[in-house]
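Inspection log for the structure reproduced underneath, given as structure tokens.
Numbering (the working numbering), first residue to last: 64 to 204.
Here it is in structure tokens:
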């Protein structure tokens, strides 16, 4: 029995996270219309500042933090990858918890996830010497 538990917990963790993301998106989709999501995204200044914060300021902050705090290489690489991967699927739920703008957070999350698809293959090879994205460029360019 003790041997089974370490094998089951990671699987349950992935299932629980997937259920959380799907339930959050389903609940948000039932509450908001496309027009309600699109309306706050018309604020160009807010959208540009949000994108700059997620794609530039957060990675730069993490990079500078890793220059000050000594961590081993795998942890450093993992933190850099997480800093570059914008668009957490829990963003609308977090906005709901803090009573923020649910429509804006949903629209921003979609923009961040879409932008990350193109951003990470370009930026990762620049910051991680061991990473190459040649396959991505062969498929799309």
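Heads up, the beta-carbon is just placed ideally off N, CA and C, and yes, glycines get one too.
Predicted model, so just to flag it, every value in this text is computed and none were measured.
How many angstroms separate the CA atom of residue 148 from the CA atom of residue 181? Per the coordinates, the alpha-carbon of residue 148 lies some 11 Å from the alpha-carbon of residue 181.
Report the option in 141, 151, 109 and 90 whose CA atom is closest to the CA atom of residue 187. Minimum Cα distance to residue 187 is reached at 141.
Which whole-angstrom value is the C-beta distance of residue 166 and residue 99, which I expect to be below 8 Å? About 5 Å separates the two Cβ atoms, so the contact holds.
Distance, Cα to Cα, residue 131 vs residue 137? Computed Cα separation, rounded: 16 Å.
How would you call residue 203, buried or exposed, if buried means at least 16 neighbouring beta carbons within 10 angstroms? At residue 203, the pLDDT of 48 sits below 50, so the modelled position is not reliable; the number obtained from the coordinates is stated separately. Around the Cβ of residue 203, a 10 Å sphere holds fewer than 16 other Cβ atoms; the residue is exposed.
Which residue's Cα is closest to the Cα of residue 168: 109, 69 and 71? Residue 168 has its Cα closest to that of 109, out of 109, 69 and 71.
Pair within 8 Å by beta-carbon distance, residue 125 and residue 146: A distance below 8 Å separates the beta carbons of residue 125 and residue 146.
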